[in-house]
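Engineer: Sequential numbering of the sequence shown, starting at 13, is according to my numbering.
One structure is given below, represented as structure tokens, and several questions about it will come after.
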Amino acid sequence: MKFYATPPTHGSLANEVVHPADLCFKLPENVSFEEGALCEPLGVGIHACRRVNVGPETNVLIMGAGPIGLVNLMAARAFGAPRIVIVDVDDYRLSLAKDLGADEVVKVSTDIQDVDEDVTQIQKAMKGEIDVTLDCAGFEKTMSTALKASRPGGKVCLIGLGHIEMTVPLGPAAAREVDIIGVFRYKNTYPVCLEFIRSGKIDVKSMITHRFGFSQKEVEEAFETSARGGKAIKVMFNL
13 MKFYATPPTH
23 GSLANEVVHP
33 ADLCFKLPEN
43 VSFEEGALCE
53 PLGVGIHACR
63 RVNVGPETNV
73 LIMGAGPIGL
83 VNLMAARAFG
93 APRIVIVDVD
103 DYRLSLAKDL
113 GADEVVKVST
123 DIQDVDEDVT
133 QIQKAMKGEI
143 DVTLDCAGFE
153 KTMSTALKAS
163 RPGGKVCLIG
173 LGHIEMTVPL
183 GPAAAREVDI
193 IGVFRYKNTY
203 PVCLEFIRSG
213 KIDVKSMITH
223 RFGFSQKEVE
233 EAFETSARGG
243 KAIKVMFNL
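In structure tokens, the structure reads:
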């Protein structure tokens with residue numbers, strides 16, 4: 013198995029790419045190329061929600077309102093989550109998360125000392141117990157917050173890989189039987205992604221903030237825009 017975005021294969025920027033036919037999926041008539049391209053990040057959200065069994069009785073907390081946090085928001089809602097709270101440090105991303113369907117958003121700091129205060133804020137915003145936390149950032153603070161905020165017997169899903177090694181409160185989490193579940197990419201998600209998009213259950217195009225053509229100047233500007241972050245969520249090339 014080869015992943016184009018993992019060393020030693022640094023992406024797939026080429027005139028032609030040969031891909032196994034049995035790993036290709038035909039786009040439904042009402043699904044655009046842009047929407048098809050966004051099945052890749054959406055697949056991460058679909059896989060994560062499956063791993064922790066998100067459904068109509070699952071209150072979901074999402075740590076991080078970047079692109080992966082937002083696709084997890086869409087996926088959780090599509091799977092029927094009745095209440096979703098999303099947390100971030102950035103006002104713009106929180107505003108976008110609210111527009112995309114989050115019930116509540118909570119702005120937090122980056123200071124690890126504020127974890128307990130953040131947990132109180134988050135639990136108040138949820139207005140109920142937190143059954144599942146999807147950590148889409150993967151930092152020491154987000155993981156600590158996730159473990160403390162989730163209810164006894166709840167689940168924390170590690171999606172973001174910000175830090176490889178962290179110091180987190182595992183003892184209290186173990187005593188409360190909080191399950192920690194890992195996610196790495198996805199599997200068997202594209203048919204579900206395409207059906208959710210085809211049916212209108214998920215609108216992935218709402219994540220596209222910038223569009224560019226294929227001239228040398230536009231390509232360079234597109235990569236610079238994506239690298240800067242800021243208000244760039246998904247940057248798209250169009251033929």
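The C-beta atom is built at its ideal place from N, Cα and C for all residues, glycine as well.
Computed from a prediction, not measured in an experiment: that's the story for all the values here.
1) Check whether the Cβ atoms of Gly67 and Phe37 lie closer than 8 angstroms to each other.
2) Which runs of the alpha helix (DSSP H), 4 residues or longer, sit entirely within the stretch 23-89?
3) Cutting at 6 angstroms between CB atoms, please list the residues of its own chain near Val117, excluding the five before and the five after it.
4) Between the stretch 154-173 and the stretch 184-198, can you find at least three pairs of beta-carbon atoms closer than 8 angstroms?
5) Are the CB atoms of Gly140 and Leu173 within a distance shorter than 8 angstroms?
6) Roughly how many whole angstroms lie between the Cα atoms of Val131 and Gly165?
7) Between the Cα of Tyr198 and those of Ala239, Ser238 and Glu52, spot the shortest distance and give me the residue it belongs to.
8) So Ala60 packs on Val180, CB below 8 angstroms; how close in whole Å?
9) Pick helix, strand or coil for Val180, following the three-state DSSP scheme.
10) Should Ile176 go down as buried or exposed, given a rule of 16 or more other Cβ atoms within 10 Å for buried?
Structural biologist: Looking at the atomic coordinates:
1) no
2) 45-49 and 51-63
3) Ile98, Leu106, Ala109 and Lys110
4) yes
5) no
6) 17 angstroms
7) Glu52
8) Not confirmed; about 19 angstroms, so no contact.
9) coil
10) exposed
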